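>
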Amino acid sequence: PKVFFANERTFLSWLNFAIVLGSLALGLLNFGDRTGKIAGAAFTLIAMFVMVYALVLFQWRAERIRQRDAGPYDDRTGPTFLVIVLIAAVVLNFYLKVSAGF
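Residue 366 is where the sequence shown starts when you use the numbering used here, and the numbers rise one by one after that.
1) Could you tell me which uninterrupted alpha helix (DSSP H) segments, each at least 4 residues in length, are contained entirely in the segment 429-466, listed from first to last along the chain?
2) Rounded to whole angstroms, what's the CA-CA distance from LEU465 to PHE459? Just pull it up for me.
3) Below 8 angstroms, how does it come out for the segment 401-413 and the segment 427-444: are there three or more Cβ pairs, yes or no?
4) Are the CB atoms of ALA404 and LEU393 nearer to each other than 9 angstroms?
5) Return the chain-ordered list of same chain residues with a C-beta closer than 7 angstroms to the C-beta of TYR438, the five sequence neighbours on each side being excluded.
6) So, PHE423 versus PHE376, is the Cβ gap smaller than 9 angstroms?
Here it is in structure tokens:
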């Protein structure tokens, strides 16, 4: 059962990150200017993607653990893709802010 709990902790950690990112997006959507609203929408979409990704990864790992498959259970492409998308959203926000003249 130790492996099941590790899988659950990882899932909860991903959800925690998604909720923090969603909270940031909500703040931008509610209190930002036009640029902030665009960035808030981008961060909202990313947060929703992270939630779905976390659920799919959790289910995939849980099924492999139940079947007692040999590892590894890690995913090398998901976090890399997430970092690239987050950097793109920050660059978009910076570009829009600079083009609007701060």
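Note that beta-carbon positions come from the ideal geometry of N, C-alpha and C, so glycine has one too. Source: prediction; values computed, not measured.
If we stick to the structure as given:
1) 442-464
2) Note on residue identity: the sequence assigns Ala, not Leu, to residue 465. Their backbone Cα atoms lie some 10 angstroms apart in a straight line.
3) Cβ pair count under 8 angstroms is below three, so no.
4) yes
5) ARG426, ARG429
6) yes
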